[in-house]
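Data first, discussion second: the structure below is written as structure tokens.
Protein chains in written order, with our numbering: chain W, 13 to 520; chain U, 21 to 397.
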């Protein structure tokens with residue numbers, strides 16, 4: 013398969029995913045914030061809360077449609093650009109997507125119409141229920157697609173069938189409740205809630221700085237920062253669990269996230285650091301030009317034990333007998349055995365040589381765990397791009413810490429002081445909206461760049477997964493998507509900022 | 021006793037029926053697409069146009085969701101089709117996707133101030149979606165009968181043999197028949213929906229007029245399409261999984277599956293009745309009859325091409341690479357698991373119907389759209 017093809021296919025998927033992730037977090041969180049606001053309206057009967065609900069709902073809708081549009085592309089791109097992958101794992105991966113459609117999307121789209129157009133057409137309680145169902149539906153959608161993603165990072169609940177040359181699901185519950193899927197789901201929706209909170213407090217801060225819609229803005233900040241503070245803490249906990257899962261299931265990714273070349277016990281976390289660009293796997297230069305390290309933290313984060321050994325990239329590539337770590341070369345050898353056994357199995361089946369097929373199958377099963385390695389050429393290929401993985405991880409964590417602090421201080425000032433006087437904090441809240449998007453995208457860079465070269469961890473490298481097609485086709489569609497998505501993003505931002513400047517009174 | 025005790029072929033057939041049902045529902049919901057192409061024809065001023073757009077704008081998401089589910093269900097139930105067709109006929113699907121992305125944003129953005137591209141552009145997007153998107157979907161489905169150029173290797177990886185990557189389907193005039201049929205059918209159902217949903221005489225009268233023209237425009241390609249499939253050779257599969265050409269295969273399928281033939285005939289008759297009652301007696305409720313007719317007709321065509329030992333996605337360059345429901349399906353376990361999930365479908369349809377009923381019992385009137393409080397598209 014030509015080399016450029018894989019790069020273009022990855023670029024196109026990354027483009028779609030990153031655009032998708034501009035819109036989805038707001039949908040995930042704002043849905044609940046709007047539902048909370050409408051609940052207050054129903055409880056108090058106050059027109060003020062109805063107006064507030066409707067304003068945030070308008071912004072929700074502007075953002076929602078484009079999230080739906082980019083989402084459908086992602087679903088179909090599995091087929092259009094990753095056809096081989098689609099067959100190899102479709103038996104597992106397809107099911108969550110179908111269930112997502114049945115259980116989540118219809119709920120979301122049906123009640124979306126009621127939520128927007130039903131104010132005067134259905135009863136108040138049915139309307140409120142619809143608003144909650146939109147929020148729940150959109151979060152359920154996230155569940156199923158993240159289960160699918162979690163499965164790619166840590167494939168479970170399946171067996172390889174050499175007759176169909178694919179993985180087949182044997183345990184749906186194992187797929188659904190895989191610890192990676194669960195922690196990924198919680199951490200991802202958590203980031204959506206924080207993003208939506210940042211959006212609400214940031215937009216409200218802008219009103220306060222302008223000295224307009226003051227009561228509306230202050231009350232929105234209270235709702236936003238309360239929701240934000242609670243969900244930030246949730247984000248920290250789920251992030252901790254995610255890192256623990258990465259340590260157990262994808263140690264190479266963890267080593268890349270921390271720029272850890274040599275394994276060590278009582279390993280610390282580099283809180284702030286600059287990677288040494290001339291450091292390679294083979295030279296003895298120091299990993300960092302500058303670093304501030306929190307001692308023991310990586311051992312604790314990864315393995316919940318401050319004395320634990322955290323393997324470095326070198327251990328994982330070249331092996332570490334003392335720690336019982338197999339070298340990548342050994343895995344490649346086993347992978348090649350598996351790939352060869354599969355071919356022999358198919359040949360034997362073709363000529364109906366049962367005995368030979370049986371022998372081949374035994375070898376295949378013994379080495380199936382390393383099947384994907386059979387397609388790699390060098391051991392070093394198991395290492396993902398270290399620089400983006402390292403920086404994306406640190407940007408995400410640092411910003412996550414800042415958001416928690418910001419929500420706490422906003423909540424304190426709203427309750428105890430007149431927050432309008434704290435202009436610096438208000439400005440920081442506005443600036444934190446783009447930072448929220450950066451943090452979210454960085455999180456996905458860690459997850460997806462960090463798992464390279466695998467489309468499916470250990471089983472299928474991206475080079476094998478892509479559709480057989482000339483790269484020119486994918487290049488053209490890449491630029492078509494890039495142009496269209498960018499145009500739509502500009503439209504969304506312009507419409508959104510206009511609606512914000514019109515404000516909750518709707519200009520009348 | 022449960023889905024797990026059914027044999028694999030039964031599960032595959034069950035899932036093909038679900039796919040056919042989803043296909044039928046999707047074509048029915050294409051009244052949104054059809055309606056989009058009528059927004060200028062049926063309106064004399066901006067208010068009327070806004071009424072039309074708001075009427076279908078409250079339903080577009082259901083169509084979108086059905087398309088997503090259609091894709092997801094194919095992925096899970098018939099993954100080899102998903103890989104072969106989407107990966108192979110790359111450009112047809114890409115263009116269809118483009119037609120749907122631009123639909124998704126257009127309703128919400130069209131009437132908003134500062135919307136960057138201007139209301140006219142978003143209206144054009146809706147028309148592209150309604151004409152080109154629907155047409156290409158018809159062309160793509162038509163290849164189920166005309167065949168495609170691909171091979172499947174021993175790893176079950178697809179190799180498309182035509183560099184046009186799916187666009188070559190447009191070189192076969194027969195494929196235009198289904199494409200055009202769907203475009204005009206969607207216009208008819210769009211008009212039927214407007215007549216039901218909008219309580220405003222001038223629009224209703226114009227909608228009736230449009231149905232008269234579009235019914236003729238629909239019947240020409242549709243009857244030709246039916247004549248084509250009933251007289252053409254088909255792709256059959258024997259008990260050993262060997263694919264062969266059978267004369268009049270699709271005619272035989274109808275005759276050997278009388279229930280499917282019955283669905284087809286009843287479906288077509290229902291559509292005709294719906295159109296007749298609307299034109300002759302100015303009935304406003306015919307979207308229900310016509311809609312059910314569309315679902316039945318489309319279902320019967322999809323069932324015809326998939327069941328009764330038929331290769332539903334044939335390869336004309338390597339007959340044995342053709343896909344059947346047996347050689348392209350998910351495993352027994354996955355089909356079983358998904359069948360349990362599919363038990364939710366009646367429940368989903370029930371709440372959609374309830375929500376739809378609650379919303380539509382109050383028809384759209386001019387005053388609602390003119391009200392300053394309205395959330396308008």
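Yeah, the Cβ is synthetic: ideal placement off N, Cα and C, and Gly gets one too.
Exercise. Under the three-state reduction of DSSP, which class applies to residue 321 of chain W: helix, strand or coil?
Worked result: strand
Problem set entry | Where the segment 461-488 of chain W meets chain U: residues whose CB sits under 8 Å from a CB there | 479, 480, 481, 482 and 485
For this session: Pull out every residue of the segment 53-80 of chain W whose Cβ sits closer than 7 Å to any Cβ of chain U, in chain order.
Result: Cβ contacts with chain U: 73, 74, 77, 78 and 80.
For this session: In angstroms with no decimal places, state the Cα-to-Cα distance between residue 367 of chain U and residue 85 of chain U.
Result: Using only the alpha carbons, I get a separation of about 16 Å.
For this session: Mind checking which residues open and close the alpha helix (DSSP H) that includes residue 318 of chain U?
Result: 306-326
Exercise. Just reading off the alpha helix (DSSP H) that residue 358 of chain U is part of, what are its end residues?
Worked result: 352-362
For this session: For chain U, find out if any of its Cβ atoms is closer than 9 Å to the Cβ of residue 144 of chain W; answer yes or no.
Result: By this cut-off, residue 144 of chain W is not an interface position.
For this session: Could you work out which residues of chain W lie near residue 128 of chain U, taking near to mean beta carbons separated by less than 7 Å?
Result: 73, 74 and 77
Exercise. Is any beta-carbon of chain W found at less than 9 Å from that of residue 283 of chain U?
Worked result: It does not: the Cβ of residue 283 of chain U has no partner Cβ on chain W nearer than 9 Å.
Exercise. For residue 224 of chain U, which three-state DSSP category applies?
Worked result: Reduced to three states, the DSSP call for residue 224 of chain U is helix.
For this session: With a floor of 3 residues, list each beta strand (DSSP E) that falls wholly inside the segment 155-195 of chain W, ordered by position along the chain.
Result: 170-173 and 178-181
For this session: Rank W:436, W:323 and W:507 by C-alpha distance to the C-alpha of residue 218 of chain W and give the top, closest one.
Result: W:436
For this session: Would you decide whether residue 221 of chain U is buried or exposed? Buried here means 16 or more other CB atoms lie within 10 Å of its CB.
Result: exposed
Problem set entry | chain W residues whose Cβ lies nearer than 7 Å to that of residue 189 of chain U | Here the premise fails: no neighbours, minimum Cβ distance about 16 Å.
Problem set entry | residue 171 of chain W CB to nearest heavy atom of the ligand MG below 8 Å | Here there are no bound small molecules, and the ligand MG is not part of this structure.
For this session: For residue 346 of chain U, decide whether its Cβ has a neighbour in chain W, counting only Cβ atoms nearer than 9 Å.
Result: no
Exercise. Which bits of chain U does residue 118 of chain W rub up against, with CB to CB less than 7 Å?
Worked result: 85, 368 and 372
Problem set entry | Rounded C-alpha distance that separates residue 520 of chain W from residue 207 of chain W | Residue placement at residue 520 of chain W is flagged as unreliable, the pLDDT there being 42, under the threshold of 50; the coordinate-derived value follows with that caveat. The straight-line gap from Cα to Cα measures roughly 30 Å.
Exercise. In the structure shown, what three-state DSSP assignment does residue 329 of chain U receive?
Worked result: coil
Exercise. What separation, rounded to the nearest whole angstrom, lies between the Cα atoms of residue 261 of chain U and residue 342 of chain U?
Worked result: 10 Å
Problem set entry | Within-9 Å CB hit, residue 124 of chain W to chain U | yes
For this session: Could you spell out where the alpha helix (DSSP H) holding residue 179 of chain U opens and where it closes?
Result: Careful: residue 179 of chain U lies outside any alpha helix (DSSP H), inside the beta strand (DSSP E) at 178-180.
Problem set entry | Between the CA atoms of residue 104 of chain U and residue 159 of chain W - distance to the nearest angstrom | Cα to Cα, residue 159 of chain W sits roughly 24 Å from residue 104 of chain U.
For this session: With 9 Å as the threshold, decide whether the Cβ of residue 455 of chain W is near any Cβ in chain U.
Result: no
For this session: Please say whether residue 60 of chain W and residue 222 of chain W have beta carbons closer to each other than 9 Å?
Result: The Cβ-Cβ distance between residue 222 of chain W and residue 60 of chain W does not fall below 9 Å.
Problem set entry | Range covered by the beta strand (DSSP E) that runs through residue 171 of chain U | Counting along the chain, the beta strand (DSSP E) containing residue 171 of chain U begins and ends at 170-172.
Exercise. Under the three-state reduction of DSSP, which class applies to residue 276 of chain W: helix, strand or coil?
Worked result: Here residue 276 of chain W sits in strand by DSSP.
Problem set entry | Rounded separation between residue 138 of chain U and residue 334 of chain U - CA only | 44 Å
For this session: Determine the direct distance from the alpha carbon of residue 146 of chain W to that of residue 139 of chain W, and round the result to whole angstroms.
Result: 11 Å
Exercise. Is residue 279 of chain U buried or exposed, if buried means 16 or more other CB atoms sit within 10 Å of its CB?
Worked result: exposed
For this session: Please classify residue 422 of chain W: is it buried, with 16 or more other beta-carbons within 10 angstroms of its beta-carbon, or exposed?
Result: buried
Exercise. From the DSSP output, which residues share a beta bridge with residue 284 of chain W?
Worked result: W:304
Problem set entry | Coarse secondary structure for residue 482 of chain W, derived from DSSP in three states | coil
For this session: Measure the CB-CB distance between residue 311 of chain U and residue 209 of chain U and report whether it falls below 9 Å.
Result: A contact, by the Cβ cut-off of 9 Å.
Exercise. Residue 189 of chain U and residue 112 of chain U look like a contact to me (Cβ under 8 Å); what is the Cβ gap, rounded to whole Å?
Worked result: 6 Å
Exercise. With a Cβ-Cβ cutoff of 9 Å, do residue 279 of chain W and residue 322 of chain W count as a contact?
Worked result: Against a cut-off of 9 Å, the Cβ pair of residue 322 of chain W and residue 279 of chain W comes out as a contact.
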